[in-house]
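Notes follow the structure.
There are 2 protein chains.
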Amino acid sequence: MSGWQPVRRTRAFEDVIAQIERRIAGDGLRVGDRLPGERQLAEQLRVSRSSVREAMRVLETLGVVSSQVGRGPDAGAFLISRPAEALSDLLRLHLGLSNLSLEEVVDARLMIEKWSAAHAAAHGADLSALTAALERMDATTTAEEFVEHDTAFHVAIAEASGNRLTTAMMLSLRDSLRRYAVEAVERLGGTAGLMADHRRIHRAIATGDAAEASAAVEDHLRRAYPGISRPPGAEDDEGFERQQGRSDRVG
Amino acid sequence: MSGWQPVRRTRAFEDVIAQIERRIAGDGLRVGDRLPGERQLAEQLRVSRSSVREAMRVLETLGVVSSQVGRGPDAGAFLISRPAEALSDLLRLHLGLSNLSLEEVVDARLMIEKWSAAHAAAHGADLSALTAALERMDATTTAEEFVEHDTAFHVAIAEASGNRLTTAMMLSLRDSLRRYAVEAVERLGGTAGLMADHRRIHRAIATGDAAEASAAVEDHLRRAYPGISRPPGAEDDEGFERQQGRSDRVG
DNA sequence: ACCACAGTATGGTCTGACCATATTTCCCCA
DNA sequence: TGGGGAAATATGGTCAGACCATACTGTGGT
């Protein structure tokens, strides 16, 4: 009998997740609060410890629980909030499966960074982190070192937007693209152009010019990833399946 | 072996995940391929079946593996690619923990929808799904029914952008906001204004006007979710709109 | 007051068993 | 020979119980 859509009885660990979620919503559990131990939870919910552990793995993967071994106030499972790590894992695996293309990731990052820079400019954000990252970048010698502080610069922009969700997205996207960032620095043969872009972005945010901040970010990312992104309004071409091979038309 | 990592001993299930990830990258595993059974994998990797199962829960949570019981070609664990489901779970839990505010989610959705609409307009996307959703919305009577087809309309916009990552983000964001969407329809007391917005969006995409599509989406979402944050540049100029228009030179 | 050591609570891992489900195999009977 | 049903089997799902590694806690001796 094929073509049957089974009802998929809930598995035990799914029940555990639902119960914990219910406690979060109902009992007002918050970040930092401690969950009962695995054995105790298993007894309370009438499931085996294995099922509790599978539920913990899921919650840990989603970035809402962290576990420490040992004994004492710091041991056990705690509620946390780390969406960025979860997003990074997700992107990394789906990129590995070739079910997300590099272009899609770069495009998404361009979208978020433009948005973040525009918001940061409009909100009169604190620029100290941006300025510090700029100075550190000036003092670097290797591509890896440069990329490290470059990351700090871009993360600071995201944080200055004041939105933790887009910041998490931006962090994980950037994480997925780290090795391409190093390649980009080496391909460009120097960081002068990138630094000029950075100062332009910094200036635009400092003066509260949202449109200029957004445009500066776009130009910057197009320099780092030439030919990958298509701005809305670019002439149509034949899709994005096999674009990585001829991604050098910006030159 | 020179150095030991004293801080974070790798857990067995993390090894399993790393091995599977290596097979994906190295052996060219693709979506649809089948993984070895839990028992076989445990034997190959010299870990217990419990550890394999915990790894499976993680991969399942990230939307890259799906498991079926039974026997035969359809049983066992398969590689899939469902980032949207994973993102939905992530957002739901973090919203529940109150570590992401509704405003942040709505803002992120606004960003993605504006971007998607602009891209769809610029790419001359297929409008049949959009048109069909519009007609179905006209024929509905209840708020729930309307929201259902409204979702189809907005998802169609995201898909028309041609980016699976932003589409997945948009799907999960919308999923998190479903109940607020129903509330919005009931609060507005009718769907006339929303439908007018929809037709304006549809028209803009059809005519390839990216800036207008973006502006139409923004007005639409501000009608549905009043009180979300001002666009960047609202204080001094029409920054975001101008910035979009600047890069949207359609010809 | 201090320090060493035993106690203990915690997550991490493993083993082996059994259950539920779905396909495959095989054998009996029409 | 064909069909149908029973048995075998492969798969994930669940459980119980044990042991280990870790890190705090308490206790007793100096």
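Chains as they are written, first to last, in the numbering used here: chain Y, 1 to 251; chain L, 1001 to 1251.
A virtual CB, placed ideally from N, CA and C, is assigned to each residue, including glycine.
Nearest candidate by alpha-carbon position, reference L:D1015, set L:S1172, L:V1058 and L:G1028: L:V1058
Quick one: residues in its chain with C-beta nearer than 6 Å to the C-beta of Y:G63, no 5 flanking neighbours on either side, listed in chain order? R82, P83, E85 and A86
Using a Cβ-Cβ cutoff of less than 6 Å, which residues in the same chain neighbour L:H1119 once the five nearest sequence positions on both sides are dropped? S1161
As assigned by DSSP and simplified to three states, the class of Y:R71: coil
For a test of the three-state rule: what should DSSP assign to Y:G63, helix, strand or coil? coil
Could you give the distance in angstroms between the alpha-carbon of Y:L29 and the alpha-carbon of L:N1099? 12 Å
At 8 Å on the CB atoms, spell out the chain L contacts of Y:M111, in chain order. M1111, I1112, W1115 and T1166
Could you give the DSSP three-state label for Y:A125: helix, strand or coil? coil
Any beta carbon of chain Y sitting closer than 7 Å to that of L:L1188? no
Against chain L, with Cβ distances strictly below 7 Å, would Y:T10 count as a contact? no
Only counting the same chain, and skipping five residues up and downstream in sequence, which positions put a Cβ closer than 8 Å to that of Y:V147? R178, A181, V182 and V185
Just list the alpha helix (DSSP H) runs in the segment 1093 to 1161 of chain L, keeping only unbroken ones of 4 residues or longer that don't cross its boundaries, in chain order. 1102 to 1123, 1128 to 1138 and 1143 to 1160
Check for me: the alpha helix (DSSP H) holding L:F1173 runs from which residue to which? Note that residue 1173 of chain L corresponds to Leu in the displayed sequence, not to Phe. Here the alpha helix (DSSP H) through L:L1173 covers R1164 to S1176.
I'd like the span of the alpha helix (DSSP H) that includes L:G1026, first residue to last. A1012 to G1026
Cβ contact check for the segment 127 to 140 of chain Y and the segment 198 to 215 of chain Y: 3 or more pairs under 8 Å: yes
Here's a check: name, in chain order, each residue in its chain whose Cβ is nearer than 8 Å to the Cβ of Y:V105, leaving out the five neighbours to either side. L91, L95, L173, S176 and L177
Using 7 Å as the limit for Cβ to Cβ distance, is Y:S51 near chain L? no
Using a beta-carbon distance below 7 Å, is Y:E54 in contact with chain L? yes
Which two residues bound the contiguous alpha helix (DSSP H) that contains Y:G193? A192 to A206
Kindly indicate if chain L contains any beta-carbon less than 7 Å away from that of Y:H94. yes
Please list, in chain order, the chain Y residues whose beta carbon lies closer than 8 Å to that of L:V1016. Within chain Y, no residue comes near L:V1016; the closest Cβ sits about 11 Å away, beyond 8 Å.
From the beta carbon of L:S1081, is the nearest beta carbon of chain Y less than 7 Å away? yes
Nearest chain Y C-beta to L:E1104 closer than 7 Å, yes or no? yes
Is it buried or exposed for Y:G190, if we count other Cβ within 10 angstroms and need 16 for buried? exposed
Just checking: is the beta-carbon of L:R1046 within a distance shorter than 7 Å of some beta-carbon in chain Y? no
For L:E1063, which residues in chain Y fall below 9 Å Cβ to Cβ? Glu is not the amino acid found at residue 1063 of chain L; the sequence shown has Gly there. Near L:G1063 (Cβ distances below 9 Å), the residues of chain Y are L90, L93 and H94.
How many Å lie between L:R1009 and Y:V69 at the Cα? 11 Å
Along chain Y, in chain order, which residues have C-beta atoms closer than 7 Å to that of L:D1107? N163
Using a Cβ-Cβ cut-off of 7 Å, state whether L:A1025 counts as contacting chain Y. yes
Please confirm whether Y:R49 and Y:A42 have their CB atoms less than 7 Å apart. yes
So with Cβ pairs under 7 Å, would you call L:V1031 a contact of chain Y? yes
Considering just the uninterrupted stretch of the beta strand (DSSP E) at Y:L79, what are its terminal residues? G76 to L79
Same chain, Cβ closer than 6 Å to L:A1055, five either side skipped, listed in chain order: F1013, V1016 and I1017
C-beta contact flag for Y:L127 and Y:A206 at 7 Å: yes
Is it true that the CB of L:A1108 sits closer than 7 Å to the CB of Y:T166? yes
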